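Residue numbers (the UniProt record's numbering): 1 to 684. Cβ atoms here follow ideal geometry from the backbone N, Cα and C, with glycine treated the same way. Predicted model only: the values in this text are computed from it and were never measured.
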């Protein structure tokens, strides 16, 4: 351990103690050891490993101080420390019968660490922020996996290299399958099921079916028990179900009829799918936004304004009675099932949900749907041209959308963290997943134009947000303080972006001063990010100063590398910068964290920089996959997946991507890790 590292373990230690206390309070699972140890190493492929009584961690998920770690780092440490401790029961005391049951421990334990973080976060709004963050990962990483060549069930049928099945499907989708079980039996019912699970199987190696059976048996009158054989299709069938919702209002009969239809696209080895069990949490809003009481046909009286219906057939119709006005449906509240929801909301309906929905997740979702609609319509509009420099020079956002975002930003009661999420546009990758044919450069140009307009149109509002939120007092990594810092950081980035066309130096100057004076890494790095992503001249001296300050702290330098490799591309400037970073004295491709900070930040997280018309990004990717495969096949296989979705690309990207994949495939001595990924990517 390096000098000064001991003091950086305090947050991890507090997180471990909180994990122990939470597991005993929530599920009655006490620590069964007199001594529980954690060791951290800076050279580790994974985040952590749950060896009984001696957890092994990447230093990234243990070491933190306010001077070196951001709020996100603190939250990740809490989550990962909790995850590995929770494995003491869900993974160690009860473990997997075979590798195919991997989600028995990983999906269940992700669910547990998500619940832990939500319970510790505070009120309902903070819980919703955590839920939104988790769903964003699911949608932007797991849904594409479900739709790509590496699609596999939560309980895989086969594998070539087991390392390739430590995936977001096993972890995050597996967590959602557990969450649906809790939804179907209730929070208390789920706790009863967990108790029965450990009574039956403590000290055993069991299966996903054994877990689901215990939850159902502890709740014999539940929908889960009634539908258990069908529910288990979530373990056996790959792919993301799509739910189509249509509704009609009959004013004379005072009824609202909601029809839900489900389908699931073919995946490798599974050409047809049987219907899933899909819990749909919902509510109805009146035209003024007030919640309406819910009463299904055949029920004696109206119930609460929030309930869950269960879709089990290919199509089912639900009729609500005594509905006095045309409602706006709020569906899939809290993201109650990992599905794609198709519903033809009007702009007015989405604005109503954004302004009034009592479910915070769907309030956020309404804003995302509005922004996504604008982006997709713009991408499809051939009359809107992109300049040779990759820019769109006129406004794309309608005033109603801008006004709605202003209302959110200035809302007197919404949490700052929630505002930051609503005001963040859908990512380029998420936009791409909604399209049949993907032109990455056009997507990049459109999203950057939307972001620039939002920065300029709300310039006075961003200045207000900065003044209201930039002072958070003594540093604390709690949800409320972190939310205020996040919104202040976003405001500063937008103000620097708005200053770019005019050459105004006021806000970039303030950002540079903030960067120099900040008392914590979150504020310092937010200011640096504002300068770098806006492309201001002050970015270079700030980057040099940052490196000088933190050249001896590997984890902080990872942030410095990642920021530069992931910054928005302007005229093809990112790839040359990435190549220079790889020549930097502090770069080593042999260290997984450092390799990820540069190569993955570019290839996996910077589509506008990676997908170049000259194919140079794909050549770089192939070179790095082959280079890494010779020294670290696990990391190489993860990088290889950056081109999983190459078949969706428009030309010339599609042909160039296939050539790069084929070049990797032609190497005769590829590892099994990389060979499996590449072979499946090239398969028809």
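| Item | Value |
| --- | --- |
| Coil, strand or helix - residue 208 by DSSP | helix |
| Three or more C-beta pairs below 8 Å linking the segment 527-540 and the segment 496-512 | yes |
| Three-state secondary structure (DSSP) of residue 348 | helix |
| Close Cβ partners of residue 677 (< 7 Å) along its chain, the five nearest in sequence each way excluded | 150, 164, 637, 640 and 641 |
| Proximity below 7 Å, CB of residue 417 to CB of residue 129 | yes |
| DSSP bridge partner residues for residue 58 (one or two, in chain order) | 41 |
| Complete runs of the beta strand (DSSP E) confined to the segment 70-108 [at least 3 residues] | none |
| Beta-bridge pairing of residue 278 - partner residues as DSSP gives them | 311 |
| DSSP three-state assignment for residue 328, whether helix, strand or coil | strand |
| Reference residue 169; option with closest CA among 158, 152, 323 and 302 | 152 |
| Buried versus exposed, by CB contacts within 10 Å (16 or more), residue 288 | exposed |
| First through last residue of the beta strand (DSSP E) which encompasses residue 250 | 242-250 |
| Strand pairing of residue 655, partner residues [DSSP] | DSSP, once it has assigned bridges, lists no residue as partnering residue 655. |
| Secondary structure of residue 587, DSSP reduced to three states | coil |
| Element boundaries [alpha helix (DSSP H), containing residue 125] | 124-137 |
| Presumed contact (8 Å Cβ cut-off) between residue 486 and residue 399, rounded CB distance | The Cβ separation is near 26 Å, so there is no contact. |
| For residue 261: DSSP bridge partner residues | 244 and 315 |
| Closest residue to residue 31 among 61, 43, 84 and 60 (Cα-Cα distance) | 84 |
| Three-state secondary structure assigned by DSSP to residue 414 | coil |
| Residue 340, DSSP secondary structure in three states | strand |
| Proximity below 7 Å, CB of residue 72 to CB of residue 48 | no |
| Where residue 114 falls: helix, strand or coil (DSSP) | helix |
| DSSP three-state assignment for residue 368, whether helix, strand or coil | helix |
| Spatial distance of residue 103 from residue 20 (CA atoms) | 22 Å |
| Through-space distance from residue 294 to residue 388, alpha-carbon basis | 54 Å |
| Three-state secondary structure assigned by DSSP to residue 291 | strand |
| Reference residue 40, options 480, 50 and 213, closest by Cα | 50 |
| Per-residue burial, residue 646 [other beta carbons within 10 Å of its own, 16 or more giving buried] | buried |
| Three CB pairs or more closer than 8 Å across the segment 103-122 and the segment 553-561 | no |
| Complete runs of the alpha helix (DSSP H) confined to the segment 519-554 [at least 4 residues] | 521-533 and 539-550 |
| Rounded Cβ spacing between residue 154 and residue 254 (contact assumed at less than 8 Å) | Not confirmed; about 42 Å, so no contact. |
| Residue 299 Cβ short of 6 Å to the ligand ATP heavy atom set | Inclusion of the ligand ATP in the displayed structure is not the case, the ligand content being empty and no account of it being possible. |
| C-alpha gap between residue 545 and residue 35, whole angstroms | 43 Å |
| Three-way DSSP call (helix, strand, coil) for residue 385 in this model | coil |
| Per-residue burial, residue 202 [other beta carbons within 10 Å of its own, 16 or more giving buried] | exposed |
| Extent of the continuous alpha helix (DSSP H) run through residue 517 | 506-517 |
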